[in-house]
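K.L.:
Using our numbering, you'd call the opening residue of the sequence shown number 6 and step up by one each time.
All residues carry an ideal CB built from backbone N, CA and C; glycine is no exception.
Every value quoted in this text rests on a predicted model; they were computed, and no experiment measured them.
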Amino acid sequence: MSRIKYYYDAKTCKYERYKRSKWDILLNTLGFVSLASIMAIGILIVFGYYFDSPKELMLKKENQELTLYYQILEEEVSKMNYMLSDLQQRDDNLYRIIFETEPVPTEIRKAGIGGTERYKEIKDKGINQVDLILTLSQKVDALKRQLYVQSVSYDEVTELALKKEEYWASVPAIQPVTNEELNLLASGFGMRVHPILKVRKMHQGVDFAAPKGTPIYATGDGVILSVKTVFGGYGKHIEIDHGFGFVTRYAHMNDFKVRRGQKVKRGDQIGTVGNTGSSTAPHVHYEVMKDGRFINPVNYFFKDLTPEEYDKILELAGKENQSLS
Numbered sequence: 006m007s008r009i010k011y012y013y014d015a016k017t018c019k020y021e022r023y024k025r026s027k028w029d030i031l032l033n034t035l036g037f038v039s040l041a042s043i044m045a046i047g048i049l050i051v052f053g054y055y056f057d058s059p060k061e062l063m064l065k066k067e068n069q070e071l072t073l074y075y076q077i078l079e080e081e082v083s084k085m086n087y088m089l090s091d092l093q094q095r096d097d098n099l100y101r102i103i104f105e106t107e108p109v110p111t112e113i114r115k116a117g118i119g120g121t122e123r124y125k126e127i128k129d130k131g132i133n134q135v136d137l138i139l140t141l142s143q144k145v146d147a148l149k150r151q152l153y154v155q156s157v158s159y160d161e162v163t164e165l166a167l168k169k170e171e172y173w174a175s176v177p178a179i180q181p182v183t184n185e186e187l188n189l190l191a192s193g194f195g196m197r198v199h200p201i202l203k204v205r206k207m208h209q210g211v212d213f214a215a216p217k218g219t220p221i222y223a224t225g226d227g228v229i230l231s232v233k234t235v236f237g238g239y240g241k242h243i244e245i246d247h248g249f250g251f252v253t254r255y256a257h258m259n260d261f262k263v264r265r266g267q268k269v270k271r272g273d274q275i276g277t278v279g280n281t282g283s284s285t286a287p288h289v290h291y292e293v294m295k296d297g298r299f300i301n302p303v304n305y306f307f308k309d310l311t312p313e314e315y316d317k318i319l320e321l322a323g324k325e326n327q328s329l330s
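(1) Identify which residue in Glu171, Ala214, Phe194 and Val198 has its Cα closest to the Cα of asparagine 188.
(2) Assuming glycine 227 contacts glycine 248 (C-beta within less than 8 Å), just tell me the rounded distance between them.
(3) Quick one: does the C-beta of glutamate 81 sit closer than 7 Å to a heavy atom of the ligand ATP?
(4) Tell me the residue span of the beta strand (DSSP E) that contains leucine 190.
(5) Less than 8 Å separating the beta-carbons of glycine 225 and alanine 191?
(6) Less than 8 Å between the beta carbons of glycine 279 and lysine 324, yes or no?
(7) Return the chain-ordered list of same chain residues with a C-beta closer than 6 Å to the C-beta of histidine 199, the five sequence neighbours on each side being excluded.
(8) Taking Cβ positions, are isoleucine 275 and isoleucine 318 nearer each other than 8 Å?
(9) In terms of residues, what are the limits of the beta strand (DSSP E) holding isoleucine 243?
(10) Can you round the beta-carbon distance between valine 263 and valine 232 to whole angstroms, since I take them to be within the 8 Å contact cut?
(11) Would you call glutamine 151 buried or exposed, if buried means 16 or more other Cβ atoms sit within 10 Å of its Cβ?
(12) Which residues mark the beginning and the end of the beta strand (DSSP E) in which aspartate 212 is found?
(13) Mind reading off the beta-carbon distance from glycine 282 to alanine 322? Whole number of angstroms is fine, and I expect it under 8 Å.
(14) Taking glycine 238 as the reference, which of Ala223, Ala41 and His208 has the closest Cα?
(15) Starting from tyrosine 315, follow the alpha helix (DSSP H) in both directions and report where the run begins and ends.
(16) Give me, in chain order, the residues of the same chain whose beta-carbon lies closer than 8 Å to that of valine 269; leave out the 5 immediate sequence neighbours on both sides.
(17) I'd like the span of the beta strand (DSSP E) that includes phenylalanine 261, first residue to last.
(18) Where does lysine 144 fall in DSSP's three states?
(19) Three-state secondary structure (DSSP) at isoleucine 405?
(20) Can you find the residues in the same chain that come closer than 6 Å, C-beta to C-beta, to isoleucine 300, ignoring five residues on each side of it along the sequence?
(21) If you compare alpha carbons, which of Asp212, Met63, Glu313 and Lys60 is closest to valine 182?
(22) Taking the alpha-carbon positions, what's the glutamine 180 to phenylalanine 306 distance?
(23) Would you mind stating whether phenylalanine 236 and valine 303 have Cβ atoms separated by less than 8 Å?
(24) Going by Cα to Cα distance, which pick from Val289, Glu81, Gln155 and Ala174 is closest to glycine 332?
(25) Secondary structure at serine 231, three-state DSSP: helix, strand or coil?
(26) Could you work out which residue in Asn68, Leu35, Ala147 and Glu70 is closest to valine 82 when comparing CA atoms only?
(27) Can you tell me where the beta strand (DSSP E) with proline 287 in it begins and where it stops?
(28) Would you tell me roughly how many angstroms separate the C-alpha atoms of methionine 6 and phenylalanine 37, rounded to the nearest one?
(29) Give the straight-line distance between the Cα atoms of leucine 167 and valine 176, rounded to the nearest whole angstrom.
(30) Which residue wins for smallest C-alpha separation from tyrosine 315, given the options Leu73, Asn184, Pro59 and Asp29?
(31) Tell me the DSSP secondary structure of methionine 6 in three-state form.
(32) Once DSSP output is grouped into helix, strand and coil, what is the label at glutamine 151?
(33) Should leucine 141 and tyrosine 75 be called a contact, given that it needs their Cβ atoms to be closer than 8 Å?
This is how it looks when you write it as structure tokens:
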């Protein structure tokens, strides 16, 4: 109920009832509305400062979830980098050492991807968290690049493993004749007295004395390079190309069991012991060449000998005696 106001009229010496004009009502109304508006704005400002709107709450929740997912992805990328680093260490310090090849250069492993415009599309979108997205994108791209390099490296290691198997099968690793008693090695590699010239001369192979007709075997996988008969010198002899720079020669043979171009496996019979060419007794003169250079065949007799037997063969081959051819 509104209060009634009075005022004292000096002319009439009485209290007269106060009557508000339209302007008073309008001004009062405007004042009230203004005050209410100011208070409402103030309340909204205070509320907006201390309390979030539903939209802001939703966006904050979204940001929290995105941050959580980003942290999870960061952790996953870190784990993958750790695992990749372990694979790279094994690749360089184990697999490639086993297969005797150089490790992958660091500059190739760490090489970047793309150019300066690679992330232009992301930058142009005006995303709020563009720095986080760019950082993670760069890490993922670097990881993808390193994974690709590692994949190529493992393809190469696989190929090396296959070649290594072929390599070990091709190495001339057994004696050319059966020598169970270790008594057939008559002359070793090095300076020896020539049986005909009677002077010290370089003996570029080893001689195995055996009865005529004794089987001669290929000492490693390969291809028959030549089957020749000459008067004097090596007499009837065979050369085998084993690949990987290895060539073996079997001289003074009696007959041949193979032909030129034929593939042979280690242990296949290629002929028999004879006394042809410049030979003073039935035997096989056996030579090993690596990259065109004569090497001591005894160093490769590791396939059919125990360590003790190998030591005995080394001792016999080391004696400086007369060769048989």
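P.N.:
Walking through what the data contain:
(1) Minimum Cα distance to asparagine 188 is reached at Ala214.
(2) Between glycine 227 and glycine 248 a beta carbon distance of about 7 Å is seen, short of the 8 Å cut, so the two are scored as contacting.
(3) As presented, the structure is devoid of all ligands, the ligand ATP included, so that no description of it is given.
(4) Unbroken beta strand (DSSP E) run through leucine 190: 190–192.
(5) Alanine 191 sits away from glycine 225, with the two beta carbons spaced by 8 Å or more.
(6) The Cβ atoms of glycine 279 and lysine 324 do not sit closer than 8 Å to each other.
(7) By the criterion of a C-beta distance shorter than 6 Å, histidine 199 is surrounded in its chain by Lys206, once the five residues flanking it on both sides are discounted.
(8) In this structure, isoleucine 275 sits away from isoleucine 318, with a CB-CB distance that is not shorter than 8 Å.
(9) Looking at the DSSP string, the run of the beta strand (DSSP E) that includes isoleucine 243 is 241–248.
(10) The pair is a contact, with the Cβ atoms about 7 Å apart (cut-off 8 Å).
(11) Under this definition glutamine 151 is a buried residue.
(12) Here the beta strand (DSSP E) through aspartate 212 covers 211–214.
(13) Wrong, their Cβ atoms sit about 22 Å apart, outside the cutoff.
(14) Comparing Cα positions, the closest option is His208.
(15) Element bounds for tyrosine 315: 312–322.
(16) Here the set comprises Ala223, Asp226, Gly227, Val228, Ile229, Ile245, Val263 and Ile275.
(17) In the DSSP assignment, phenylalanine 261 falls within the unbroken beta strand (DSSP E) covering 258–261.
(18) Taken through DSSP and simplified to helix, strand or coil, lysine 144 comes out as helix.
(19) Residue 405 cannot be examined here, being either before or after the span of the chain that is shown, 6 to 330.
(20) Closer than 6 Å at Cβ, skipping near neighbours: Val293.
(21) For the residues Asp212, Met63, Glu313 and Lys60, the minimum Cα distance to valine 182 belongs to Asp212.
(22) Distance between the alpha carbons of glutamine 180 and phenylalanine 306 is about 6 Å.
(23) Contact flag unset, no.
(24) The structure shown does not extend to residue 332, since the chain is modelled only from 6 through 330, so no value can be given for it.
(25) Serine 231: strand per DSSP, three-state reduction.
(26) Checked all of Asn68, Leu35, Ala147 and Glu70; the closest Cα to valine 82 is Ala147.
(27) Run containing proline 287: none; DSSP gives neither H nor E here.
(28) Confidence at methionine 6 is low in this model, with a pLDDT of 47, below 50, so its placement is unreliable and the value that follows should be read with caution. Looking at the backbone, the Cα of methionine 6 and that of phenylalanine 37 are separated by about 18 Å.
(29) Rounded to the nearest angstrom, the two C-alpha atoms are 15 Å apart.
(30) Among Leu73, Asn184, Pro59 and Asp29, the Cα nearest to that of tyrosine 315 is on Asn184.
(31) Residue placement at methionine 6 is flagged as unreliable, the pLDDT there being 47, under the threshold of 50; a coordinate-derived value is accordingly withheld.
(32) Secondary structure of glutamine 151 (DSSP, three-state): helix.
(33) Going by beta carbons, leucine 141 and tyrosine 75 fall inside the 8 Å limit.
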